[in-house]
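First comes the structure, then the notes that go with it.
In the numbering used here, the protein residues as written are 18 to 184.
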């Protein structure tokens with residue numbers, strides 16, 4: 018049996034990038050973002066090992082996804098909630114072009130949102146997305162942000178949300 022994704026070195030690093038970048042743009046810890054969840058402060062112990070933090074993000078009770086910097090960005094992270102919503106395995110999720118998460122009619126809005134985020138670093142959104150099997154769902158109060166490494170080099174974008182429902 019394969020190890021869970023959060024045990025892979027590349028996923029541990031991506032988890033750190035997601036969390037660190039979120040804090041840079043929002044000035045909040047992702048696990049304690051106001052309005053995202055009603056959970057007790059301190060769920061994420063920053064003294065935990067990077068692997069433990071990666072596990073906590075992967076098992077978080079909200080959806081987290083990210084894509085890379087390709088001209089047609091490919092999803093490179095999705096926590097368990099994201100895999101469940103999109104009805105994909107880790108292997109298939111991380112081969113999926115980000116644009117395939119939106120219906121054709123939603124592509125213009127998706128492109129606008131990602132371009133705005135590229136300029137501003139951080140945006141809130143409410144959009145309709147589609148699962149791998151064609152189920153439509155509405156996301157409310159999502160957040161998308163630029164991923165930047167310690168040298169401030171752009172590494173892609175990530176999104177988080179917990180408020181969604183199937184249409």
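Positions of the beta carbon are idealized from the N, C-alpha and C atoms, including for glycine.
Inset, instruction - Using 10 angstroms around the beta-carbon of residue 99, count the other beta-carbons present and answer buried if the total reaches 16, otherwise exposed. - result: Reading the chain shown from its first residue, position 82 is the one you call residue 99. When all chains shown are included, residue 99 counts as buried.
Inset, instruction - Helix, strand or coil for residue 168, going by three-state DSSP, please let me know. - result: The residue given as residue 168 occupies position 151 in the chain shown. Three-state result, residue 168: coil.
Legend entry - Exposed unless 16 or more other CB atoms sit within 10 angstroms - verdict on residue 132: The residue labelled residue 132 in the question sits at position 115 within the chain shown. So residue 132 ends up on the exposed side.
Inset, instruction - Report all residues from its chain with a CB closer than 8 angstroms to the CB of residue 128; omit the five preceding and five following residues, and keep chain order. - result: Numbered from its first residue, the chain shown carries residue 128 at position 111. Excluding positions up to five away in sequence, the list is empty.
Inset, instruction - Pair every Cβ in the region 155-165 with every Cβ in the region 64-77, then say whether three or more of these pairs are closer than 8 angstroms. - result: no
Inset, instruction - Would you grab the beta carbon distance between residue 34 and residue 164 for me? Rounded to a whole angstrom, and I think it's under 8 angstroms. - result: In the chain shown, the residue the question calls residue 34 occupies position 17. In the chain shown, the residue the question calls residue 164 occupies position 147. Yes, they are in contact, since the Cβ atoms of residue 34 and residue 164 sit about 5 angstroms apart, within 8 angstroms.
Legend entry - residue 89 - DSSP class collapsed to helix/strand/coil: Translated into the one-based positions of the chain shown, residue 89 becomes position 72. Looking at residue 89 - three-state DSSP - the assignment turns out to be coil, as it is neither helix nor strand.
Inset, instruction - Pull up the DSSP beta-bridge partners for residue 27, would you. - result: By one-based count along the chain shown, residue 27 stands at place 10. Looking at the DSSP assignment, residue 27 forms no beta bridge with any residue, so it has no partner.
Legend entry - Continuous alpha helix (DSSP H) stretch holding residue 75: start and end: Here residue 75 is taken as the residue at index 58 of the chain shown, counted from 1. It spans 67-75 - the alpha helix (DSSP H) in which residue 75 sits, taken as one unbroken run.
Legend entry - Burial state of residue 109, where buried means 16 or more other Cβ atoms lie within 10 Å: As a working note, residue 109 is residue 92 in the chain shown. By the 10 Å Cβ count, residue 109 comes out exposed.
Inset, instruction - Determine the extent of the beta strand (DSSP E) in which residue 149 is found, giving its start and end residues. - result: Looking up residue 149 in the chain shown gives position 132. From DSSP, residue 149 is part of no beta strand (DSSP E); its letter is neither H nor E.
Legend entry - Where residue 99 falls: helix, strand or coil (DSSP): The sequence position of residue 99 within the chain shown is 82, counting from 1. Residue 99: helix per DSSP, three-state reduction.
Inset, instruction - Specify the secondary structure class of residue 179 as computed by DSSP and reduced to three states. - result: For the purposes of this step, residue 179 is taken as residue 162 along the chain shown, with counting starting at 1. Residue state, collapsed to three classes: coil.
Legend entry - Buried or exposed by the 16-neighbour rule on C-beta atoms within 10 Å, applied to residue 184: On the chain shown, residue 184 is found 167 positions in, with the first residue counted as 1. Flag for residue 184 reads exposed.
Inset, instruction - May I ask you to report which of helix, strand or coil DSSP gives residue 56? - result: In the chain shown, residue 56 corresponds to position 39, counting from 1. Any reading at residue 56 must be qualified, since the residue scores a pLDDT of 36, below 50, and its modelled position is unreliable; no value is offered.
Inset, instruction - Can you give me the start and stop residues for the beta strand (DSSP E) that residue 83 sits inside? - result: The residue given as residue 83 occupies position 66 in the chain shown. Looking at the DSSP string, the run of the beta strand (DSSP E) that includes residue 83 is 80-84.
Legend entry - Classification of residue 78 by the beta-carbon crowding that lies within 10 angstroms, buried from 16 upward: Your numbering for residue 78 matches position 61 in the chain shown. Exposed, because fewer than 16 other Cβ atoms sit within 10 Å of the Cβ of residue 78.
Inset, instruction - Using alpha carbons as the reference points, say which of 102, 169, 141 lies closest to residue 41. - result: Translated into the one-based positions of the chain shown, residue 41 becomes position 24. Considering only alpha carbons, the answer is 169.
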